[in-house]
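Novice: Here it is: the structure, laid out below.
Number of protein chains: 2
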Amino acid sequence: MRLLPRWASPYPRQHLASDLLAGVIVTILVIPQSLAYALLAGLPPQAGLYVAIFPVIAYSLFGSSMVQAVGPVAITSIMTYSVLTPIAAPGSPEYIALAATLALASGLVLLGCGLLRLGFLARLLSRPVIAGFVSGSAVLIVFSQLKYLFNAHPAASDALTVLAALFAEARIDASTAIGLTAIVVLAFARSSLAGLLGKVGIQPGAAAFVVRLVPLLVVLLATLAVVSWNLDRQYGVAVVGSIVEGLPAPVFFLPEAGELKRLAVPIALMALIGMVQNISMAQVLAIRRRERIDANAELIGLGAANVVAAFHGGMPVGGGVSRSAVNVAAGAQTPLAGIVAAFAMLAVVIGAAPLFTRLPLAVLAASIIVAAVSMIDLRGLRQAWHYDRADGIAALGTGAGVFVLGLEAGIGLGILLSLATLLYRASTPHIAVLGRIPDSEHFRNVERHAVETLPSALFLRTDESLFFGNLDAVEARLLAEIERNGGLRDVVLIMSAVNRVDATAMEVLHDLDRELGARGIRLNFAEIKGPVHDRLRDTALLQELSGRVFLSVNDAYEALQG
Amino acid sequence: MRLLPRWASPYPRQHLASDLLAGVIVTILVIPQSLAYALLAGLPPQAGLYVAIFPVIAYSLFGSSMVQAVGPVAITSIMTYSVLTPIAAPGSPEYIALAATLALASGLVLLGCGLLRLGFLARLLSRPVIAGFVSGSAVLIVFSQLKYLFNAHPAASDALTVLAALFAEARIDASTAIGLTAIVVLAFARSSLAGLLGKVGIQPGAAAFVVRLVPLLVVLLATLAVVSWNLDRQYGVAVVGSIVEGLPAPVFFLPEAGELKRLAVPIALMALIGMVQNISMAQVLAIRRRERIDANAELIGLGAANVVAAFHGGMPVGGGVSRSAVNVAAGAQTPLAGIVAAFAMLAVVIGAAPLFTRLPLAVLAASIIVAAVSMIDLRGLRQAWHYDRADGIAALGTGAGVFVLGLEAGIGLGILLSLATLLYRASTPHIAVLGRIPDSEHFRNVERHAVETLPSALFLRTDESLFFGNLDAVEARLLAEIERNGGLRDVVLIMSAVNRVDATAMEVLHDLDRELGARGIRLNFAEIKGPVHDRLRDTALLQELSGRVFLSVNDAYEALQG
């Protein structure tokens, strides 16, 4: 291992000023979301600030992305909440300990995957499935926050219980007014403010900065309103409450075996989702900046960040979309900006944390709701549906699964649906009977072109690699064609689109050859690709083949014509 | 639905004599294995005889195979045993009730899958994985029977517990002698008897019949020995014991919801394994006889047989390898042979069951062990390993998983390994940079052939459909080639081997196009297949493409040369 990370050896001096500035700006701008996501995770709000310190430094040292910003994020927070609420009461000491265990264990899993170079596991999920998962989670997140706006106290975190509690208990009061106002302001800022500022002649860069500043302004104004009119004491507006002053010491612990066993599935799923989100975010950012990322270094960085987060702050972290966007917009060039941001956050925690004691929870809930609504990817879902029905079904199934069955079952369903679409597509191959275009060496589908055929030979092309899942489709089609064409003496399988033949397919073809042989029909191959032929050469299939292996379809046609 | 099954409307009269004879022969020959597999399943031996009556009739009416014989089989029996022993004591009323529930529920699942036309689910398992599963199960079966030979009483059914019990308690006595003698005789009959009979001039057909007769002779001789010398009473040889005389009435019941929930996973796995085994057996038999089977009708037949078995006999059944082989060897032509066999078994149960009360268990154990050893498919495992390492690993992993983790976890592992090999192969595509063979229109891999290339254009061919799992490999290769070739103005993706482009791949290609555009490089396509082009035509990828879509690689080469 290098002593210094790659970006710091040597550190490009010309980036120093922009990194310093970006670090400070990011810290100030992400304060509201750090507090909000801690709340979403069912933890004390200041936990969100703590995990924006040392974990960020850990990621800066080990990650590979130049500008990705790590910290509390929506998806990991809602996962923490939905995994732990059935086991412990949010905010209770047991709950806080379990959240730290979750961070530690998923961090170790990520570290392990990175060291074992298992970054390819992130491929288990297709984009439509990820879109479905994120959208379903976003709806769950919105539901989870409505209780702060309407003063309900649902007993569990699933959508049904929350809805029932809202119908039974919802009470409109000052919190509702503050929360709804904040939602309107934040939604307006997100959707229209930049355009409006542009129209009055403000530069896009500056406009984007102002838009990013709005959440902080809303938080400050709401706190000011509470303080000015004593809203918390006189009107019962729920606020963040006492925040421990100063920086807490790290808490080192070893997780209990029993807890690990109970949380095994959530830990694995959290690591998987963290992996997918972090790598895909880092890739998007790297492509824009013409850089490359190393998926395994990303896992090590994210894993280290979570392990550190477990000991200080006790909350799982991830690569954040809006956090990274702020980082890029503020001009960050290297991970030094992250280290600066960490120290700036340290200063905030030590100096300014008491400012947030009277921040109304409804405002944090509002900022979560607005962020979550923007995560619902209706366009992606619609696009997947139109482009490929199987992808669309996988996306909708995952989204609905998350909402109805919960996050864990939803993501499990997503993995299954990803693999099922893959299996389904590969097992329904396109198969064509070919004939020769007269006076040429070209062969085309007999159903689409005027071609000549041989009465005694059938030319069949399968447009898919042959494997355990599609061999019976090929066999069924072949036998059906043989039934239809009486008097066949040869079958030619055209292998030009076959990139692989697995062991099952090889055996089934061998069986098929013997079976056709019993009927007096020879099995031939044409245009077997080099790598496929290398592997088939020594098998019983080719060594005992009743027919021949032709280099080209035309060779076969000429030979069998005679 | 037809009133009569297809094979009986009209019934081909010329087959009547052979079907009648075959049915009677099969019944006599399969008595020992019916008793043995019931013992293997932890049920009273006569249960194996009962489920060879009405379930066989049910399968004959609904199945599609002409000669497959259904009844108690090794795999379903060991599954029953390993699923139920942790819950109830073998032979206890609770155990017997649970076995019937297992038969009923897995039968209903199979019926449902058949009616919903889900026969393709059998494709979830590749042949190497099935070979691994069957081999692992066979080893477990051998282990489970050693206790009858060595008088041990293991407390659980897993391999470790059985081994420990054998080491601690093994006692050699008359049972051991009878069992080992039976093993030697049966193994000799299986391996060498037919050859020996051939050498002394006996016809192959007659020799095969004699071989099949040996197990029954061994059973009769062993019983005779017990009766003659009072081995059970004087030397403590364990025997089958009291068999209820006559035919028991069917027991109709509804399974309890709690039991179903507890057995949900085993029920699903049992249905899956039954499905795979039955369909693959039926297919092998049908191919030999130049017939076709209907996978969904097979599921309905097997499902109906299990539902009937639940109510009469109370033991799951399946399509049996040796049972079907006996049926074919005895000359069966249609499922009428099965119906005849069912009535013959009815006669045996009513008339001859008491004959088996003094049959030594060690002989049944010996016949199970000999059958199980022949199921260990070392050749198949070795072949898969040599042909394709991924298939070999999947097979060995499944086999070891069954032996170490148990049947359920083993089959789960097998499904995962099947899918993992599929995903792994598709996600590591063969990618080649192509150049033109001088003075031709042929393009070949630059690493293998002397070809000419253009300094400003890169020609890349991916030999795999593009999907969520392999796009980053393609992207990484493409970017690496761009790094290596400074001054590129065009990239041409050759799509001749791409049979599908899923939604994820389409989006990633669109991102890639924009990214290349920012570097001043155009993305072009060549030789997109018709179905792929139809689908891509209306997407943002092709509509906003920076480059062009060429019909052939040579068109692209000519155009970009100018």
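These protein sequence lines map, in sequence, to chains A and B. Residues are numbered in the working numbering as their position in the first sequence, beginning at 1, plus a constant of 629. Residues are numbered in the working numbering as their position in the second sequence, beginning at 1, plus a constant of 629. All residues carry an ideal CB built from backbone N, CA and C; glycine is no exception.
Please classify B/A646 as buried or exposed, where buried requires at least 16 other C-beta atoms within 10 Å of its C-beta.
Specialist: Counting from 1 along the second sequence, the entry for residue 646 of chain B is found at position 17. By the 10 Å Cβ count, B/A646 comes out exposed.
Novice: Quick check on this structure: which residue in A/I686, A/V992, A/A728, A/A718 has the alpha carbon closest to the alpha carbon of A/H782?
Specialist: On the first sequence, position 153 is the one that residue 782 of chain A refers to. Measuring from the Cα of A/H782, the nearest candidate turns out to be A/A718.
Novice: Going along the chain, which unbroken runs of the alpha helix (DSSP H) with 4 or more residues stay wholly within the region 959-1020 of chain B?
Specialist: Listed in chain order, they are 965-981, 990-1004, 1007-1016.
Novice: Throw me the rounded Cβ distance for the B/V655 and B/A970 pair, which I believe falls under 8 Å.
Specialist: As a first step, residue 655 of chain B must be located in the second sequence, where it is residue number 26. As a first step, residue 970 of chain B must be located in the second sequence, where it is residue number 341. Confirmed, about 5 Å.
Novice: How about B/T1050 and B/F1097: are their beta carbons less than 8 Å apart?
Specialist: The sequence position of residue 1050 of chain B within the second sequence is 421, counting from 1. The sequence position of residue 1097 of chain B within the second sequence is 468, counting from 1. Result no, Cβ atoms of B/T1050 and B/F1097 do not sit closer than 8 Å.
Novice: On the criterion of 16 or more Cβ atoms from any shown chain inside 10 Å, does A/Q863 qualify as buried, or is it exposed?
Specialist: Reading the first sequence from its first residue, position 234 is the one you call residue 863 of chain A. Under this definition A/Q863 is an exposed residue.
Novice: Going by CA-CA distance only, name the one from A/A1019, A/L1083, A/L1087, A/R1065 that's closest to A/A1077.
Specialist: In the first sequence, residue 1077 of chain A corresponds to position 448, counting from 1. Looking at the sequence provided, one finds Arg at residue 1077 of chain A rather than Ala. When only C-alpha atoms are compared, the closest one is A/R1065.
Novice: What does the alpha-carbon distance come out to for the pair A/T986 and A/Y777?
Specialist: For the purposes of this step, residue 986 of chain A is taken as the residue at position 357 of the first sequence. For the purposes of this step, residue 777 of chain A is taken as the residue at position 148 of the first sequence. Going by the C-alpha atoms only, they are around 16 Å apart.
Novice: What residues of chain A sit near B/M910, judged by a beta carbon separation below 7 Å?
Specialist: The residue given as residue 910 of chain B occupies position 281 in the second sequence. Under the 7 Å cutoff, chain A gives no residues; its nearest Cβ is about 13 Å from B/M910.
Novice: Here's the rule I'm using: 16 or more other beta-carbon atoms within 10 Å means buried, otherwise exposed. How should A/I801 be labelled?
Specialist: For the purposes of this step, residue 801 of chain A is taken as the residue at position 172 of the first sequence. Its Cβ having fewer than 16 others within 10 Å, A/I801 is exposed.
Novice: Could you tell me whether the Cβ of B/P877 comes closer than 8 Å to any Cβ of chain A?
Specialist: The residue given as residue 877 of chain B occupies position 248 in the second sequence. Closer than 8 Å: no.
Novice: For B/T1091, write down the residues that DSSP places opposite it in a beta bridge.
Specialist: Working through the second sequence from its first residue, we reach residue 1091 of chain B at position 462. B/I1060, per the DSSP bridge assignment.
Novice: Indicate whether at least one CB of chain B lies closer than 8 Å to the CB of A/T1027.
Specialist: Locating residue 1027 of chain A in the first sequence gives position 398, counting from the first residue. The C-beta of A/T1027 comes no closer than 8 Å to any C-beta of chain B.
Novice: Would you identify the three-state DSSP class for B/N1183, choosing helix, strand or coil?
Specialist: One-based indexing of the second sequence puts residue 1183 of chain B at position 554. Residue state, collapsed to three classes: helix.
Novice: So does B/T730 have its beta carbon nearer than 7 Å to some heavy atom of the ligand ATP?
Specialist: With respect to the ligand ATP, the structure offers nothing, as it holds no ligand at all.
Novice: Measuring alpha carbon to alpha carbon, tell me which of A/T805, A/L914, A/Q832 ends up nearest A/T963.
Specialist: As a working mapping, residue 963 of chain A is identified with position 334 in the first sequence. The shortest C-alpha separation from A/T963 is found at A/L914.
Novice: Going by CA-CA distance only, name the one from A/L931, A/V1182, A/R819 that's closest to A/H1071.
Specialist: As a working mapping, residue 1071 of chain A is identified with position 442 in the first sequence. That would be A/V1182, whose Cα lies nearest to the Cα of A/H1071.
Novice: According to DSSP, is A/M630 part of a helix, a strand, or is it coil?
Specialist: Numbered from its first residue, the first sequence carries residue 630 of chain A at position 1. Low local confidence applies: a pLDDT of 48 at A/M630 is under 50, so the model's placement there is unreliable, with the coordinate-based value given in what follows. DSSP places A/M630 in coil when its eight states are reduced to three.
Novice: Using the three-state DSSP reduction, which class does A/G700 fall into: helix, strand or coil?
Specialist: Counted from its first residue, the first sequence places residue 700 of chain A at position 71. Strand, per DSSP.
Novice: Excluding sequence positions up to five away, which residues of its chain have a Cβ less than 6 Å from the Cβ of B/M630?
Specialist: Here residue 630 of chain B corresponds to residue number 1 of the second sequence, with the count starting at 1. Residue confidence is low: B/M630 scores 48 on pLDDT, short of 50, so the model does not pin down where it sits. No coordinate-derived value is stated.
Novice: Mapping the DSSP letters down to three states, classify B/D1119 as helix, strand or coil.
Specialist: Locating residue 1119 of chain B in the second sequence gives position 490, counting from the first residue. B/D1119 falls in the strand class under three-state DSSP.
Novice: With distance defined between alpha-carbon atoms, name the residue in B/M1124, B/V936, B/H941, B/A934 nearest to B/P877.
Specialist: Numbered from its first residue, the second sequence carries residue 877 of chain B at position 248. Closest option to B/P877, Cα to Cα, is B/H941.
Novice: What does B/L1052 touch in chain A if you count any residue whose Cβ is under 8 Å from its own?
Specialist: Translated into the one-based positions of the second sequence, residue 1052 of chain B becomes position 423. Ordered by position in chain A, the residues that pass the 8 Å Cβ test against B/L1052 are R752, L753, L1048, L1051.
Novice: Here's the rule I'm using: 16 or more other beta-carbon atoms within 10 Å means buried, otherwise exposed. How should A/S693 be labelled?
Specialist: Translated into positions along the first sequence, residue 693 of chain A becomes position 64. Label assigned to A/S693: buried.
Novice: Any idea what DSSP makes of B/A1086, helix, strand or coil?
Specialist: Here residue 1086 of chain B refers to the residue found at position 457 of the second sequence. Looking at B/A1086 - three-state DSSP - the assignment turns out to be strand.
Novice: What number of angstroms, rounded off, separates the C-alpha of B/S721 from the C-alpha of A/M1124?
Specialist: Taking the first residue of the second sequence as 1, we reach residue 721 of chain B at position 92. Taking the first residue of the first sequence as 1, we reach residue 1124 of chain A at position 495. For B/S721 and A/M1124, the distance between alpha carbons rounds to 58 Å.
Novice: So, helix, strand or coil for B/Q643, using DSSP?
Specialist: What you label residue 643 of chain B is simply residue 14 of the second sequence in a count that begins at 1. Reduced to three states, the DSSP call for B/Q643 is helix.
Novice: Helix, strand or coil: which one does DSSP assign to A/A718?
Specialist: Stepping through the first sequence from its first residue, residue 718 of chain A is reached at position 89. Three-state DSSP puts A/A718 in coil, outside helix and strand.
Novice: Quick one: using the 10 Å Cβ neighbour count with 16 as the cut-off for buried, is B/T1027 buried or exposed?
Specialist: For the purposes of this step, residue 1027 of chain B is identified with residue 398 of the second sequence, where counting begins at 1. Per the 10 Å Cβ criterion, buried.
Novice: As a quick exercise: from B/T1091, B/A1023, B/G1159, B/V866, pick the residue whose alpha carbon is nearest that of B/L753.
Specialist: Walking along the second sequence from the start, residue 753 of chain B turns up at place 124. Nearest C-alpha to B/L753: B/A1023.
Novice: Pull the bridge partners of A/E1136 from the DSSP assignment, please.
Specialist: Position 507 of the first sequence holds residue 1136 of chain A. A/E1136 is not bridged to any residue.
Novice: Alpha carbon to alpha carbon, how far is A/L892 from A/L731?
Specialist: Against the first sequence, residue 892 of chain A aligns to sequence position 263. Against the first sequence, residue 731 of chain A aligns to sequence position 102. Their backbone Cα atoms lie some 8 Å apart in a straight line.
Novice: Any contact between the region 918-930 of chain A and the region 753-772 of chain A? By contact I mean 3 or more CB pairs, one from each, below 8 Å.
Specialist: The region 918-930 of chain A is not in contact with the region 753-772 of chain A.
Novice: By alpha-carbon positions, which one of B/L740, B/G671, B/R1106 ends up nearest to B/E723?
Specialist: As a position in the second sequence, residue 723 of chain B is number 94, starting the count at 1. With distances taken between Cα atoms, B/E723 lies closest to B/G671.
Novice: Would DSSP call A/G1191 helix, strand or coil?
Specialist: Translated into the one-based positions of the first sequence, residue 1191 of chain A becomes position 562. A/G1191 sits in coil when the DSSP states are folded into three classes, being neither helix nor strand.
Novice: Using 8 Å as the limit for Cβ to Cβ distance, is B/S694 near chain A?
Specialist: Along the second sequence, read from residue 1 onward, the residue named residue 694 of chain B stands at position 65. Chain A contact via Cβ: absent.
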